[in-house]
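Note that the sequence shown covers residues 217 to 577 in my numbering.
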Amino acid sequence: MDPWNFQTKDGRNLTIRPVRPDDAQDLYEAARHPDVARMILLHPALELAATEDYINSEEAGRHYLVAEVGGRAVGSVTLNHVQRPRLHHMGRIGLMVGREHWDQGIGGFLMKAALEIADNWLDLKRVELDVFTENHAAVHLYEKFGFEVEGRRRRVAFGNGRWLDNFLMARLRIPRSPIPQSPIPQPPSPPIPQSPVSSPPIIRPPHPDDAEDLHDFYRHPLVARTTLQMPSMEITLSRNRMQQRPPGLYRFVAEMDGRVIGSISLHQAQNPAERHAAGLGMGVHPDYWGQGVGNGLLVAILDLADNWLNIARVELDVNVDNVAGVNLYLKHDFEIEGTRRFHAYGDGRWADSYFMARLRK
Ligand SMILES: CC(C)(COP(=O)(O)OP(=O)(O)OC[C@H]1O[C@@H](n2cnc3c(N)ncnc32)[C@H](O)[C@@H]1OP(=O)(O)O)[C@@H](O)C(=O)NCCC(=O)NCCS
């Protein structure tokens with residue numbers, strides 16, 4: 217990419233270019249200013265080495281640009297192109313400008329450059345970001361670039377001595393011709409229990425031997441459709457997932473008739489500002505839908521969240537057309553906080569998703 221040259225409102229030359237390792241000191245100082253740090257939730261004990269590590273890490277899909285004025289990096293933008301196959305149309309933006317350079321148009325130039333990459337080099341359909349509800353300058357800037365608020369996420373972070381809400385904002389770029397939907401989208405089939413339930417499922421932690429059963433139902437089209445999985449998923453992926461235990465991951469499976477027919481996981485955030493929150497994902501084999509298995513898994517994981525992990529916010533995404541899922545979550549005190557438009561593609565259709573959360577009373 218050729219350098220992009222602009223002028224700030226007070227007439228200084230500005231260049232937007234990819235980040236370099238020797239920008240670390242400038243970006244660290246800019247981010248540590250209390251007015252900046254509180255809007256991007258960097259705590260005061262952040263060390264220069266953490267900024268260096270971040271710049272030097274090679275993250276697939278990351279596009280990291282800086283604004284240079286007078287030979288120094290004064291602001292940055294990251295555009296993270298989501299790499300999961302069903303979300304590959306999507307990017308996420310993070311933005312920061314040093315305190316003494318605000319209101320000079322620099323945030324706008326950085327946004328322009330990031331969106332140039334998103335639109336004209338990656339052809340992204342959906343670019344999203346989150347912004348604290350009290351960050352009026354940033355919300356104003358994003359609205360100018362066509363971002364719309366899709367919902368408000370409550371108590372999403374803790375920093376500077378208090379709880380914060382954020383807005384999920386997104387800018388969609390839909391092709392001029394309608395996105396082909398093929399074949400005609402079908403809602404999931406209603407559950408047809410294959411055999412009457414004799415006894416409730418056994419809910420227990422998973423074992424590596426469960427990988428085959430989990431693979432069997434997560435790649436079932438009716439489950440893959442609503443869980444971001446693929447029917448082409450290979451057994452090695454399921455085995456690796458069972459073997460790996462990343463920090464903050466907790467899970468249960470449901471066993472019936474000697475076979476694992478459902479699973480649920482809770483992933484506690486590791487960032488100190490978000491450690492009170494955890495993301496939830498679950499699935500039940502279609503042969504066992506409508507028999508209380510999902511309910512049993514949810515009761516178990518919410519007991520773990522409330523009474524063992526002290527988690528205050530459990531959050532999830534659920535496709536809007538997944539009526540059974542939405543109703544199950546509503547029954548367990550989750551509330552709809554907003555709608556993520558064009559969230560995922562799969563099973564021949566684009567799906568919007570509700571983002572839902574349950575705050576512990
Ligand atoms: C948000 C941020 C990136 C903006 O950078 P910037 O270089 O000042 O942005 P610009 O000068 O291009 O534009 C700022 C706009 O906000 C407006 N603005 C400033 N203060 C405002 C306020 N309190 N309420 C509403 N709008 C405000 C400005 O008038 C300008 O709009 P205009 O061009 O229509 O006049 C910068 O404030 C920042 O780094 N803040 C801390 C980190 C942060 O919040 N990052 C975003 C996290 S989601």
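Where a beta carbon is used, it is the ideal one built from N, C-alpha and C, also for glycine.
Asked: When you compare only the Cα positions, how much space is there between R441 and F571?; Found: 17 Å
Asked: A280 bridges to which residues according to DSSP?; Found: The residue you asked about is not Ala; residue 280 is Tyr in the sequence shown. T294, per the DSSP bridge assignment.
Asked: To the nearest angstrom, how far is the alpha carbon of V347 from that of P416?; Found: 43 Å
Asked: Please state whether the Cβ-Cβ distance between V500 and V509 is less than 8 Å.; Found: yes
Asked: Which partner residues does F571 have in the DSSP bridge list?; Found: D533 and G554
Asked: Would you check if the distance between the CB atom of L357 and the CB atom of I232 is smaller than 8 Å?; Found: no
Asked: Can you tell me whether E274 is helix, strand or coil according to DSSP?; Found: coil
Asked: Which two residues bound the contiguous alpha helix (DSSP H) that contains D522?; Found: V509 to N523
Asked: Go ahead and label T452 buried or exposed: buried means 16 or more other beta carbons lie within 10 angstroms of its beta carbon, across all protein chains shown.; Found: exposed
Asked: Nearest-angstrom Cα distance between K341 and N543?; Found: 29 Å
Asked: Counting pairs of Cβ atoms below 8 Å between the segment 536 to 554 and the segment 452 to 469, do you hit three or more?; Found: no
Asked: Identify the continuous alpha helix (DSSP H) that holds I419 and give its terminal residues.; Found: Taken as a continuous stretch (DSSP letters only), I419 belongs to no alpha helix (DSSP H), being part of the beta strand (DSSP E) at I418 to R420.
Asked: Where do the ends of the alpha helix (DSSP H) carrying F325 lie?; Found: I322 to N336
Asked: I think L496 touches V469, with their Cβ atoms under 8 Å apart; what is that distance to the nearest whole Å?; Found: About 15 Å; that fails the 8 Å criterion.
Asked: I need the boundaries of the alpha helix (DSSP H) containing R441, first residue and last residue.; Found: P437 to T443
Asked: Assuming E344 and M312 make a contact with CB atoms under 8 Å, what is their CB distance in whole Å?; Found: 17 Å between Cβ atoms; not a contact.
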